[in-house]
Amino acid sequence: MKKIVVDAYGGDYAPLEIVEGAILAIKKHKDIKILLCGKKEEIEKILNGRNERIEILEASQVITNDDVPTEAIRHKKDSSLVKAYDILKENEDVIGLVSAGSTGAVLAGAIMKIGRIKGISRPALAPILPTKKDNDVIIIDSGANVDCKPINLLHFALMGSAYYSIIYNCESPRVALLNNGAEEEKGNELAKEAHKLLKDAPINFIGNKEGRDFMSGDIDVMVADGFAGNALLKGSEGAVMAVMSVLKKSIKSHFFSMIGALFMKKTFKEIKARIDILSKHGGSPLLGCKKLVVKNHGSCKRNNILSSIEQTIILYDNKLNEKIEKAITLLNDPESV
């Protein structure tokens, strides 16, 4: 039976939505057990007897967004997140960790407690976004590594390609490098050097792409340093929210528009479902760690937690870390695989 440890006190709506998400996962998947880390008495009240294949592990402290990540991991040893990492590290049958807590603390905990896959220079976050076509796109890195070297971007590309291939059953994902122009000679020194490495890597590298191409549907994996990647991610999210807000305001400002909106209710529902990528795929995996870690958005609800747990199962069953290890081996010794 697969065991997944969940930080019950990470997120804006913890512990209620986190615990309810775990219950949904248990009901849907009969071959898993959920380990909830947090304040036992409060969690038991939410469970209200619905504790089949759910174990509570007492943790009296909570790491917040106000805490300094590395200091919190070192000193808040009885926090729900640190306890979850300890369980993940010490138990082979625990396949992964899910948390909607402080991004900085989740990253710090992964590096300090779990460690990196051999050969990977830095772990990276890889969220999924929709495109204007039927496919989705991932961006790696989206904020875990603000200052990067070319080798980091190369490793991001390898990990992102392996991840995308599992999620979408795509043998050769199209990998692009975020840049301020499509030409090979464009960009800063980081981009130029990274381009040289990606061009010779064992991936389907399609060259430099600009931010406007990100959601075109012609890219599967967009590689970036954490600073640029996070700016692109937040900018894209803000743009989508702004367009939806303007559309809603315009519809309400005209009588005939409101009448027309009634006939388009199904269409708007489909658009909303397409944009709500978290419900479909869960959170963002921290790729490159020795064990699976999935970071969910702080404002996530129970269905997002369910999706993140399912995401962990899929990545484990499809041997994501083994694929990353194989990609690193192939990169360093092309004749070995």
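If you count by this note's numbering, then the sequence shown holds residues 41 to 377, one letter each, in order. Glycine included, C-beta positions come from ideal geometry on N, C-alpha and C.
Local Cβ density within 10 Å of residue i, reported as buried at 16 or more and exposed below that
| i | result |
| --- | --- |
| residue 181 | buried |
| residue 41 | exposed |
| residue 223 | exposed |
| residue 290 | exposed |
| residue 141 | buried |
| residue 235 | buried |
| residue 162 | buried |
| residue 116 | buried |
| residue 176 | buried |
| residue 70 | exposed |
| residue 302 | exposed |
| residue 107 | buried |
| residue 299 | exposed |
| residue 283 | exposed |
Candidates the options: closest to residue i by CA position
| i | options | result |
| --- | --- | --- |
| residue 205 | 44, 42 and 364 | 364 |
| residue 362 | 90, 92 and 157 | 157 |
| residue 328 | 136, 69 and 220 | 136 |
| residue 378 | 130, 133 and 123 | For the chain, the structure presents residues 41 to 377; residue 378 sits outside this window and is missing. |
| residue 164 | 80, 188 and 177 | 188 |
| residue 154 | 175, 170 and 132 | 132 |
| residue 207 | 167, 330, 225 and 284 | 167 |
| residue 61 | 229, 130, 239 and 90 | 90 |
| residue 325 | 309, 342, 304 and 351 | 351 |
| residue 127 | 272, 106, 149 and 108 | 149 |
| residue 195 | 265, 87 and 246 | 265 |
| residue 111 | 63, 145 and 178 | 145 |
| residue 119 | 130, 98, 129 and 106 | 98 |
| residue 357 | 46, 203, 151 and 121 | 203 |
| residue 221 | 210, 238 and 250 | 250 |
| residue 114 | 368, 95, 151 and 178 | 151 |
| residue 95 | 47, 232, 268 and 276 | 47 |
| residue 209 | 355, 278 and 283 | 355 |
| residue 337 | 353, 280, 274 and 302 | 274 |
| residue 74 | 44, 369 and 298 | 44 |
| residue 185 | 121, 267 and 160 | 267 |
| residue 252 | 279, 88 and 246 | 279 |
Sub-9 Å separation of residue i and residue j beta-carbons
| i | j | result |
| --- | --- | --- |
| residue 371 | residue 242 | yes |
| residue 256 | residue 172 | yes |
| residue 339 | residue 51 | yes |
| residue 66 | residue 58 | no |
| residue 248 | residue 218 | yes |
| residue 134 | residue 49 | no |
| residue 230 | residue 190 | yes |
| residue 64 | residue 343 | yes |
| residue 83 | residue 109 | no |
| residue 244 | residue 183 | no |
| residue 331 | residue 129 | yes |
| residue 272 | residue 179 | yes |
| residue 276 | residue 296 | no |
| residue 232 | residue 226 | yes |
Counterpart residues of residue i in DSSP-defined beta bridges
| i | result |
| --- | --- |
| residue 216 | 262 |
| residue 335 | 139 and 324 |
| residue 351 | DSSP lists no partner for residue 351. |
| residue 245 | 215 |
| residue 180 | 263 |
| residue 290 | Per DSSP, none; premise fails for residue 290. |
| residue 164 | 327 |
| residue 97 | 77 |
| residue 306 | DSSP output for residue 306 lists no bridge partner at all. |
| residue 70 | Partner(s): none; residue 70 has no beta bridge. |
| residue 156 | 329 |
| residue 170 | 176 |
| residue 119 | 101 |
| residue 146 | Answer by DSSP bridge pairing: none, since residue 146 is not bridged. |
| residue 47 | 77 |
| residue 134 | 43 |
Residue i: CB within 8 Å of a non-hydrogen atom of the ligand PLP
| i | result |
| --- | --- |
| residue 216 | The ligand PLP is absent from the structure shown, which contains no ligand whatsoever. |
Chain C within 9 Å of residue i, Cβ atoms only
| i | result |
| --- | --- |
| residue 254 | Included in the structure is just one protein chain, with no chain C present. |
(request) Count the C-beta pairs between the region 341–350 and the region 197–204 that are closer than 8 Å, then say yes if the count reaches three, no if not. (result) When C-beta atoms of the region 341–350 are compared with those of the region 197–204, fewer than three pairs fall below 8 Å, so the two segments do not count as touching.
(request) Count the CB pairs spanning the region 257–269 and the region 214–232 that are closer than 8 Å, and state whether there are at least three. (result) Touching, yes.
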